[in-house]
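Notes follow the structure.
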Amino acid sequence: MIISVTSLKGGVGKSTLSQNLAVCFAHAGYKVCIIDVDTNQSTIRWSGLRSEDNPAIPVFGQPDGIELSKNVKILARDYEVIVIDGTPSLNKVTSKIILLADVLLIPILPSGLDMWATEQFMERYQDAVHEKEAPIPAYFILNQFQSNINLAKEVRDVLEDSSIPVFQTTLGTRTAYREAVIKGVGVVEYKDPKAKTELVNLFNELIKYVEVVNN
861 MIISVTSLKG GVGKSTLSQN LAVCFAHAGY KVCIIDVDTN QSTIRWSGLR
911 SEDNPAIPVF GQPDGIELSK NVKILARDYE VIVIDGTPSL NKVTSKIILL
961 ADVLLIPILP SGLDMWATEQ FMERYQDAVH EKEAPIPAYF ILNQFQSNIN
1011 LAKEVRDVLE DSSIPVFQTT LGTRTAYREA VIKGVGVVEY KDPKAKTELV
1061 NLFNELIKYV EVVNN
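Reading the sequence shown from the start, the letters are residues 861 to 1075 in this note's numbering.
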């Protein structure tokens, strides 16, 4: 199973989400790896900080996206789940990441800039669906979401009117996510119970969607 995490805008939490979902899959008993296509290669650095006491999550760097499809096929022989940490750009690599996905996750911040970038992303997504001539299951995930902020509610309302479903589970603005990254862990391996709970809820929701796709 290939899970692509991508967006056209930087700073929305693609790498953090990729790392944390991979950790959840590893703790659930899946053999999982990450392909880091993001040019800053932050997930590569994160993997170098992981302790041997935590489940191993190999990370393979692919900053230029060359031969990405070929390498995904090779890794699929050995791994049950491949998480692709995408690049924030409007190019052929982004299209390839979308086309490879069994499930496409699109993290988005509740802001006007993110909504504008999402409009462009939707065009690229529809082009990919047309090229593949098959559905590509995709979902928005609201990150740094504050339910008491009007703009956050408005962004959610707009997304729910789009053709791509929105995860019910949202991720809050928590320092635990930033702290976990520099320790090479996921928040389910960290000390913040609220962050752990929301990530577990997100993972469980993802598993339900994956089961629907597989059936």
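Don't be surprised by glycine CBs; every beta carbon is placed ideally from N, CA and C.
- Of all alpha-carbon atoms in Leu-969, Gln-980 and Gln-922, the one lying nearest the alpha-carbon of Val-953 is that of Gln-922.
- Taking all protein chains in view, the Cβ of Asp-1017 is surrounded by fewer than 16 other Cβ atoms within 10 Å, so the residue is classified as exposed.
- With a 10 Å radius around the Cβ and a threshold of 16 neighbouring Cβ atoms, Ser-907 comes out buried.
- Residue environment for Gln-1004: buried (at least 16 other C-beta atoms within 10 angstroms of its C-beta).
- Per DSSP, Ala-998 is one residue of the beta strand (DSSP E) stretching across 998 to 1002.
- Glu-912 and Phe-981 have their C-alpha atoms spaced approximately 38 Å apart.
- Pro-1025 and Val-1045 have their C-alpha atoms some 29 Å from each other.
- DSSP, reduced to helix, strand and coil, places Val-897 outside both helices and strands of the structure shown, so it counts as coil.
- The continuous beta strand (DSSP E) containing Phe-920 extends over residues 919 to 921.
- Across the structure, Thr-947 and Ser-878 are spaced so that their CA atoms are roughly 12 Å apart.
- Counting every other CB atom within 10 Å of its CB across the protein chains shown gives Lys-874 a total of 16 or more, marking it as buried.
- Between the C-alpha atoms of Tyr-1050 and Asn-1061 there is a straight-line separation of about 16 Å.
- Val-919 sits buried, since 16 or more C-beta atoms from the chains shown fall within 10 Å of its C-beta.
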